Amino acid sequence: MNKQIILNLPVKDLDKSKAFFSALGFTFVARFSGENAAFMNIVDGTIQAMLTSEPFFQSLIDKPVANAREANEVVICLSCESREEVDSLIAKAVAAGGRIPHPPEDHGIMYDQGFEDIDGHLWNLVWTAPEA
Numbered sequence: 001m002n003k004q005i006i007l008n009l010p011v012k013d014l015d016k017s018k019a020f021f022s023a024l025g026f027t028f029v030a031r032f033s034g035e036n037a038a039f040m041n042i043v044d045g046t047i048q049a050m051l052t053s054e055p056f057f058q059s060l061i062d063k064p065v066a067n068a069r070e071a072n073e074v075v076i077c078l079s080c081e082s083r084e085e086v087d088s089l090i091a092k093a094v095a096a097g098g099r100i101p102h103p104p105e106d107h108g109i110m111y112d113q114g115f116e117d118i119d120g121h122l123w124n125l126v127w128t129a130p131e132a
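See below:
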């Protein structure tokens, strides 16, 4: 089995979060999902996230759940295949209720922009030129 990255993210409303990420084109695996959590494919077989209701997430840890709208511990960064893919995912995130915290940054060989999901988690999308 190849190594995988599985993020665990607390969410306030599981159904709304599923709808938000579905609008970005991410899919869910029903057999690993339930009333308190939804297993989301970001990149099949490589990068996934477990969206977990805040009460259930709290039951798994011994510290308070951070309010991602007030403070962030991590920025989730995903590589994209093109500038157009960055822009497309940003547009989908905004249309689904996400917020853009800053304008895109174009460094010639690298292009990126981020969005804040409906729970306040920060995501950064980046394209890097093949020659970089």
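Residue 89 in full-length UniProt numbering sits at position 89 of the sequence shown, with consecutive numbering throughout. For each residue, glycine too, the CB sits at the ideal point set by N, CA and C. Predicted, not measured: the structure shown is a model, and the values here were computed from it.
>> I want to know whether the segment 83-98 touches the segment 32-48 - three or more CB-CB distances under 8 Å.
In response: no
> With burial defined as no fewer than 16 other Cβ atoms inside 10 Å of the residue's Cβ, what is the status of Gln113: buried or exposed?
Replying inline: In the sequence shown, the residue the question calls residue 113 occupies position 113. Classification for Gln113: buried.
> For Arg99, which of Asn8, Arg69, Ile109 has the nearest alpha-carbon?
Replying inline: Counting from one through the sequence shown, the residue named residue 99 turns up at place 99. When each option's Cα is compared against that of Arg99, the closest is Arg69.
>> Measuring CB atoms only, is the segment 120-129 touching the segment 96-111, in the sense that at least three cross pairs come out at less than 8 Å?
In response: yes
> Roughly how many angstroms separate the alpha carbons of Gly25 and Ala19, rounded to a whole number?
Replying inline: As a first step, residue 25 must be located in the sequence shown, where it is residue number 25. As a first step, residue 19 must be located in the sequence shown, where it is residue number 19. Approximately 10 Å between the Cα atoms of the pair.
> Leaving out five residues before and five after Gln4 in sequence, what residues of the same chain have Cβ atoms less than 8 Å from its Cβ?
Replying inline: Here residue 4 refers to the residue found at position 4 of the sequence shown. Closer than 8 Å at Cβ, skipping near neighbours: Gly45, Thr46, Ile47, Gln48.
> Which one or two residues does DSSP pair with Ala37 in a beta bridge?
Replying inline: Taking the sequence shown and counting its residues from 1, the one referred to as residue 37 is at position 37. Per DSSP, Thr52.
> Is Cys77 closer than 7 Å to Asn36 when the C-beta atoms are compared?
Replying inline: Along the sequence shown, read from residue 1 onward, the residue named residue 36 stands at position 36. Along the sequence shown, read from residue 1 onward, the residue named residue 77 stands at position 77. No, the Cβ-Cβ distance between Asn36 and Cys77 is not below 7 Å.
> Where does Asp106 fall in DSSP's three states?
Replying inline: Walking along the sequence shown from the start, residue 106 turns up at place 106. If DSSP states are grouped into helix, strand and coil, Asp106 belongs with the strands.
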